[in-house]
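Read through the structure below, which is laid out as C-alpha cells, and then see the notes.
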Amino acid sequence: MAIVERLEASPGQRGRLALANPATLAPLGEVELATSHDVSAAVERARKAQPEWGALSVSERGHYLERALRTLVQRADDFVSTLVSETGKPATEAIATEILTSCDALQFYAKRAKHALADRKLPLHLMKTKRLYLVYRPLGVVGIITPWNFPFLLALNPSAQALMAGNTVVLKPSEATPLSGQLVEELFQSAGLPEGVFNLVQGDGEVGAALTKAAVDKIAFTGSVETGRCVAEQCARRLLPCSLELGGKDPMIVCADADLERAARGAVYGAFANAGQVCTSTERVYVVDEVAEPFLEKVLRETTALRQGAEGEFEVGSLIRAEQLAVIEDHVQDAVARGARVMAGGRRNPDCEGIFYEPTVLVDVNHEMKVMREETFGPLLPVMVVRDEDEALRLANDSRYGLNASVWTRSRHRGLELARSIDSGCAVVNDCMITYGVTESPFGGVKESGLGRVNGEAGLQGFSQLQSILVDRFGGRSEFLWYPYTARKLRFLKRALRTVWGGALGRLLS
Ligand code: NDP
237 MAIVERLEAS PGQRGRLALA NPATLAPLGE VELATSHDVS AAVERARKAQ
287 PEWGALSVSE RGHYLERALR TLVQRADDFV STLVSETGKP ATEAIATEIL
337 TSCDALQFYA KRAKHALADR KLPLHLMKTK RLYLVYRPLG VVGIITPWNF
387 PFLLALNPSA QALMAGNTVV LKPSEATPLS GQLVEELFQS AGLPEGVFNL
437 VQGDGEVGAA LTKAAVDKIA FTGSVETGRC VAEQCARRLL PCSLELGGKD
487 PMIVCADADL ERAARGAVYG AFANAGQVCT STERVYVVDE VAEPFLEKVL
537 RETTALRQGA EGEFEVGSLI RAEQLAVIED HVQDAVARGA RVMAGGRRNP
587 DCEGIFYEPT VLVDVNHEMK VMREETFGPL LPVMVVRDED EALRLANDSR
637 YGLNASVWTR SRHRGLELAR SIDSGCAVVN DCMITYGVTE SPFGGVKESG
687 LGRVNGEAGL QGFSQLQSIL VDRFGGRSEF LWYPYTARKL RFLKRALRTV
737 WGGALGRLLS
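The number in my numbering is simply the position in the sequence shown, starting from 1, with 236 added.
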C-alpha cells in the first residue's frame, strides 16, 4: 500500500510524486520533485534577497506575518480540507493543532520578536569604563527540513521565526505531505513577501540532504533521530549550526493521589491524538500499584468509546504513512511475544479502507519490550504498574530519549519535584503533550531527542547570530593594559589582584 508513489523522471523532465489520501486511498494529484540544481538555485535566490530583508526593522517584517495571519483566518476551511485529505486526521485536530496554533505563532512572533531581538545594553560588573551591547543579527539563509505529522504547523512555525529574525528561508517539507508545504508557500506569497525571501523545494530525503550540503547558514531540522544524526554529521563537517527537533518516548507518571478520571482521559488523548503520530505523544505509562486497577478501568472505558474513521464525527483518523503500520505491528507483536496482553485494539481496523490501526492498550509490559524503549509513533498505549513513584521515575529516565514527560498528582509541589527529576527538555504536570507550546515556551529535547530549542525568545535568538560589541566610554590616549609593560605596571596589577579579589571590594563592585 503506497500513499506516495514516486514516478520516475523521463529524460529532460523532473520526477513526480503521485499522492493519495491515506484515509480513503483516493488520489490527490501529483507534485514535481526538485533536483539538487533546484535546491542550489533556491538557496541562491534566498541569498540574494537576504540583505534587503534583513535590513527591514523587526516590526516591518512583522507586518508580513500579520498579513499572512489574515489570509490564514480567511482561508482556514480550504487549508483544513487539504490537511485532512493529505493526513487523514480529523478536521477538529487539523484546525486545533495546525491552524489555530499557526495563527497563534504568526501573531505572537509578529508582535513579540521586536522585544526578543532588541539590542541589549549591559554595564560590565568590573570595567565601568566600558559598555557592552548584545546585538542579534540574522544568520543569512536558513534551510528548514520538516516531517509529515504536523506538516503545516511544523513548516510554518520555524519559517516564521527564522523570517522574523531577518533570515531568508528555503523549506523542504516531507515527501509524504508536500501539499501542506505548498500551503505555507501560498500563505507567504499572499502576504506579499518579496521575491526570494521564502522558497519551497519539494522532494524526498535526497532533496533534504542536498539542502544540508547547499550554501545555507543554518539547518533547522525536525524529524527522526536517525535522519537527525545524518543532518548533524553533515553540518558538523562544515561547522554549520543546526537545531535538531527529534523523536521522543514520552513517559507519563500516575501518582497514587492523582485525579484518576483526568489522568485516564489525559492518557487516552495523549496517546491517540493525531493517531499517536506526535513527537510528544504519551508513549508509556507508569501507574503506581495502589491506583492501577481503577486507572486502567477508566483508560479502557475511554479507549473503547473512541470512534475511528474518515467521515462524519470521529476522534482517531488514519495513519499518515503506510510504512508506519509495520513499526506499530512490530512493537505489538514483540510485546505480546514477551508476555504483554492486548486490552483494546491490537490490529489494523478491518472496517476502514485506508491505513488505520486501532487505538491499542497493552498491559504487563516491561523494559525488555520495544514498545517501552523505541518510539512507536502510532496509537499504542502501554501501561506498566510500578511499586511507587521512585520506581516510576527510575523507569521514566531509563530511555535514550528525553523530549517531553507528564506527571499526574493532586500535589502541585510533588508534581513540580517529579517533573524536575525527569531527564527531558519539557515536562507537564496534570496535562499531556505541550499543546500550547509554539509561543512562550522554548521547546526541544535532551539526550537523543535533539539539540537546541525552537519557540519563544530562545527560538528567535537561535535563528540569530549573537554579536557582543564592547564600547569604550571615555576615550583617552591609551589604556592602562596596553604597551609598554613595565615593572611598575606589574606591581600595580598584583596589588589590584589582592585588593579586588582578596577582599570585599570585588564583591562590592560586582
Ligand atoms: P524523518 O527523519 O524520516 O524525515 C524528516 C525530514 O527529513 C523529511 O522532510 C525527510 O524527507 C527529510 N530527510 C530524510 N532523509 C534526509 C537526509 N538524509 N538529509 C536531510 N533530510 C532528510 O522523520 P519523519 O518525517 O518520519 O517524522 C517523524 C519523526 O519526527 C518522529 O521521530 C517524530 O518524533 C519526529 N518529530 C519531532 C518533533 C519535535 O519537535 N521534536 C516534531 C514532530 C516530529 P522525506 O520525508 O521526504 O523523506
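We put the beta carbon where it would ideally sit given N, CA and C, even for glycine.
Element boundaries [alpha helix (DSSP H), containing residue i]
| i | result |
| --- | --- |
| C466 | 461-474 |
| M620 | Note, M620: premise wrong, no alpha helix (DSSP H); beta strand (DSSP E) at 616-622. |
| I564 | 559-573 |
| L496 | 496-508 |
| E533 | 525-540 |
| E442 | 441-449 |
| L336 | Unbroken run through L336: none, as it is neither H nor E. |
| A632 | 625-632 |
| L733 | 723-737 |
| G695 | 692-698 |
| M608 | 606-609 |
Sub-9 Å separation of residue i and residue j beta-carbons
| i | j | result |
| --- | --- | --- |
| Y522 | A632 | yes |
| L407 | C515 | no |
| A256 | L264 | yes |
| P414 | V267 | yes |
| W219 | C491 | In this structure the chain extends from 237 to 746, so residue 219 is not present and cannot be described. |
| G417 | A451 | no |
| L702 | S479 | no |
| E431 | F386 | no |
| A580 | F531 | no |
| I556 | V467 | no |
| L598 | L617 | yes |
| D624 | D525 | yes |
| E551 | R543 | yes |
| G582 | V568 | yes |
| G502 | S642 | yes |
| F315 | L305 | no |
| E411 | G376 | no |
| C662 | G673 | yes |
| T365 | F728 | no |
| A346 | E288 | no |
| V621 | A571 | no |
| A332 | L319 | no |
| V294 | L253 | no |
| A546 | G324 | yes |
Span of the beta strand (DSSP E) around residue i
| i | result |
| --- | --- |
| I455 | 454-458 |
| A277 | From DSSP, A277 is part of no beta strand (DSSP E) but of the alpha helix (DSSP H) over 272-291. |
| R356 | 356-359 |
| M400 | Where M400 is concerned, there is no enclosing beta strand (DSSP E), although the alpha helix (DSSP H) it sits in stretches over 389-400. |
| S642 | 642-644 |
| G298 | First-last for G298: 294-310, but that is the alpha helix (DSSP H), not the beta strand (DSSP E). |
| D486 | 486-490 |
Residues that DSSP places opposite residue i in a beta bridge
| i | result |
| --- | --- |
| N435 | V406 |
| S660 | In the DSSP output, where bridge partners are listed per residue, S660 has none listed. |
| D708 | K366 |
| L415 | In the DSSP output, where bridge partners are listed per residue, L415 has none listed. |
| E481 | T458, G686 |
| Y593 | R584 |
| E241 | A254 |
Cβ-Cβ separation, residue j to residue i (assumed contact under 8 Å), whole Å
| i | j | result |
| --- | --- | --- |
| T404 | V433 | 5 Å |
| R297 | L399 | 6 Å |
| R373 | S700 | 6 Å |
| A511 | S554 | 7 Å |
| V707 | R367 | 5 Å |
| R574 | M605 | 5 Å |
| L389 | S338 | 5 Å |
| N393 | A341 | 5 Å |
| V437 | D274 | 6 Å |
| S272 | A507 | 40 Å between Cβ atoms; not a contact. |
| V664 | I670 | 6 Å |
| Y637 | K683 | 6 Å |
| V527 | K454 | About 47 Å; that fails the 8 Å criterion. |
| L741 | T735 | 6 Å |
Cutoff 9 Å: residue i Cβ touching any chain B Cβ
| i | result |
| --- | --- |
| L253 | In the structure shown, chain B does not exist; there is a single protein chain. |
Legend entry - Cβ pair count under 8 Å reaching 3, the stretch 689-699 against the stretch 669-680: The answer is yes - the stretch 669-680 touches the stretch 689-699, with three or more Cβ pairs under 8 Å.
Inset, instruction - Spell out a yes or no on whether the stretch 605-616 and the stretch 271-285 are touching, meaning 3 or more CB-CB pairs, one atom from each, closer than 8 Å. - result: With fewer than three CB-CB distances shorter than 8 Å, the stretch 605-616 does not count as touching the stretch 271-285.
Legend entry - Stretch-stretch touch, CB-based, cutoff 8 Å, three pairs: the stretch 508-528 with the stretch 475-494: Output reads yes: the stretch 475-494 touches the stretch 508-528.
Inset, instruction - Report yes or no: do three or more beta-carbon pairs, one from the stretch 357-365 and one from the stretch 423-430, lie closer than 8 Å? - result: Touching, no.
Inset, instruction - Indicate whether the contact test is met: 3 or more Cβ pairs, each with one atom in the stretch 591-603 and one in the stretch 555-562, closer than 8 Å. - result: Touching, yes, given that three or more Cβ pairs across the two stretches are closer than 8 Å.
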